[in-house]
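Here is the structure we will look at, set down as structure tokens.
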């Protein structure tokens with residue numbers, strides 16, 4: 001340390017001499033050097049000394065710690081060596097060796113040699129059995145691969161060649177020759193499978209999709225399988241991956257078959273209940289007096305009871321499988337969430353149906369307020385322009401026959417003549433005949449609707465051409481006076497039919 005300090009002082013003095021020479025060459029005065037630059041140099045030197053002292057202290061502490069640790073390790077090793085080399089331990093070992101030599105007799109040596117011989121024989125037997133088991137294991141692995149290839153090639157079990165190889169694999173005394181022959185057959189089957197890889201992969205994909213549907217796979221799980229199902233690399237490795245995925249899904253379905261069967265039963269019962277609820281809304285069922293409504297009600301109660309039992313069973317099965325790595329879900333939803341979602345959807349559909357009925361009723365009311373209400377009399381009792389469909393059922397003077405076509409055609413012919421005289425007949429010449437044809441084929445939607453739906457106004461308007469030429473309608477009082485009798489609110493004449501026809505004909509002539 002003294003040497004280090006002396007070297008440091010010598011180095012500082014050398015640097016200070018060089019610095020004074022530089023200041024002199026620069027033309028600095030002595031007073032300027034002492035007042036401005038010397039305090040800065042002294043501060044640098046003091047900082048350097050402080051750093052040196054601190055570094056020395058740190059080095060001394062580290063050295064002291066390392067020495068202390070080494071000393072503790074040496075003491076521990078010394079104590080262990082003393083314990084091992086102690087007189088008590090050495091005496092115990094010597095006593096054990098002496099007892100063993102005392103018990104060692106010729107008979108014991110012979111027995112031990114016989115035991116060694118027996119052990120060697122047992123070892124040889126075990127080695128032979130192990131060799132046989134390894135050979136049999138190789139045969140089983142080979143036949144398993146061959147079964148996979150047979151399935152891909154669609155070779156059934158009754159095939160003679162397949163039965164031959166199955167019998168070889170099941171033999172209790174396998175040989176290396178049998179294994180070589182089976183390996184050769186396996187390579188031949190692999191060569192046959194190569195041209196059909198695409199078909200086999202397509203079959204595996206269909207099976208995977210069906211198993212996902214049966215296992216109620218979540219959308220996220222289907223997204224994970226999408227790269228595998230969309231791959232276009234038609235290789236045997238891709239086929240192996242497809243078969244492994246199909247085997248995993250098949251094992252999953254077999255392990256939880258009770259749950260999936262219960263889900264299918266619940267879904268069938270739920271659909272049956274919804275169908276029953278729709279039938280209960282049918283007016284024909286509500287008005288039926290044959291006991292259909294009671295039977296449907298009993299079926300509804302029975303279906304609700306079955307659904308309640310199935311829901312409890314589903315919840316119990318899901319709870320029993322909750323501790324497993326993959327909990328049971330229905331399309332990614334928990335069982336309780338799935339059941340509540342189905343019930344909420346059915347309730348929403350019911351509310352939407354009621355809303356649609358209300359909107360339809362409001363639309364009907366709005367149309368009736370705007371265009372008039374629907375006639376109260378049935379269609380068979382109203383005669384609007386259709387002579388081939390409408391029937392006049394008057395209480396007096398009408399036998400329920402059809403409207404006289406001759407009278408109607410005579411009126412139309414008269415109307416055509418008047419139209420030719422007034423307008424030249426260029427426009428309305430064939431219109432009445434076309435109107436008759438249209439009304440005979442479209443009796444529910446007449447071509448020309450009158451403003452008044454009563455029999456007198458409709459018939460007179462058709463004869464007078466109101467529907468064709470003008471929008472005016474004869475008043476019912478004038479029609480009644482001309483007909484010679486009153487008109488009922490239902491549209492029936494209170495008079496004989498001949499009087500009705502003559503009155504309407506006179507009205508038509510006056511209108512023309």
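In the UniProt record's numbering, the protein residues as written are 1 to 512. Using N, Cα and C, we set each Cβ at its ideal position, and we do this for glycine too.
### Limits of the unbroken alpha helix (DSSP H) element including residue 204
197-214
### Query
Alpha carbon to alpha carbon, what distance is there between residue 247 and residue 271?
32 Å
### Query
Is the Cβ-Cβ distance between residue 292 and residue 314 less than 8 Å?
no
#### Entry: Simplified DSSP state of residue 333, which is helix, strand or coil
strand
### Task
Taking all protein chains shown into account, decide if residue 201 is buried (16 or more other Cβ within 10 angstroms of its Cβ) or exposed.
buried
### Task
Could you check if residue 266 is buried or exposed, using at least 16 other CB atoms within 10 Å of its CB as the buried criterion?
buried
### Query
When you compare each of 173, 218, 303, 99 to residue 273 by their alpha carbons, which one comes out closest?
303
### Message
Mapping the DSSP letters down to three states, classify residue 127 as helix, strand or coil.
### Response
helix
### Query
How would you call residue 249, buried or exposed, if buried means at least 16 neighbouring beta carbons within 10 angstroms?
buried
### Message
For residue 279 and residue 352, what's the separation of their Cα atoms in angstroms?
### Response
18 Å
### Query
Should residue 152 be labelled buried (16 or more other beta-carbon atoms within 10 Å of its own) or exposed?
buried
### Task
Give the straight-line distance between the Cα atoms of residue 514 and residue 173, rounded to the nearest whole angstrom.
Residue 514 lies beyond the range of the chain shown here (1 to 512); nothing can be said about it.
### Buried versus exposed, by CB contacts within 10 Å (16 or more), residue 445
Because residue 445 carries a pLDDT of 42, less than 50, the predicted location of this residue cannot be relied on, and the following value inherits that uncertainty. With fewer than 16 other Cβ atoms within 10 Å, it is exposed.
### Query
In whole angstroms, what is the alpha-carbon distance linking residue 18 and residue 51?
23 Å
### Message
Helix, strand or coil, according to DSSP, for residue 281 in the structure here?
### Response
coil
### Message
Looking at residue 211: is its Cβ nearer than 8 Å to the Cβ of residue 253?
### Response
Yes, the Cβ-Cβ distance between residue 211 and residue 253 is below 8 Å.
### Query
Just to confirm, are residue 234 and residue 198 a CB contact at a threshold of 8 Å?
yes
### Message
Could you compute how far the alpha carbon of residue 226 sits from the alpha carbon of residue 276?
### Response
39 Å
### Query
What are the boundary residues of the alpha helix (DSSP H) that includes residue 230?
219-230
### Query
The alpha helix (DSSP H) with residue 28 in it runs from where to where?
Counting along the chain, residue 28 falls outside any alpha helix (DSSP H), and DSSP gives it neither H nor E.
### Message
Measuring CB atoms only, is the segment 122-140 touching the segment 162-181, in the sense that at least three cross pairs come out at less than 8 Å?
### Response
yes
### Message
By the three-class DSSP mapping on this structure, what secondary structure does residue 235 have?
### Response
coil
### Message
Quick check on DSSP: helix, strand or coil for residue 341?
### Response
helix
### Task
Hey, could you find the ends of the alpha helix (DSSP H) residue 177 is sitting in?
Its alpha helix (DSSP H) spans residues 176-193.
#### Entry: Inter-residue Cα distance where the pair is residue 535 and residue 54
The chain is shown only over 1 to 512; residue 535 falls outside these bounds and no answer can be derived.
### Query
Would you report the Cα separation of residue 204 and residue 166, rounded to the nearest angstrom?
25 Å
### Query
To which residues of the same chain is residue 558 closer than 8 Å at the C-beta, ignoring the five residues directly before and after it?
No answer is possible for residue 558: the residues shown for the chain start at 1 and end at 512.
### Query
How long is the line joining the alpha carbons of residue 120 and residue 214, rounded to whole angstroms?
The alpha-carbon of residue 120 is positioned some 57 Å away from that of residue 214.
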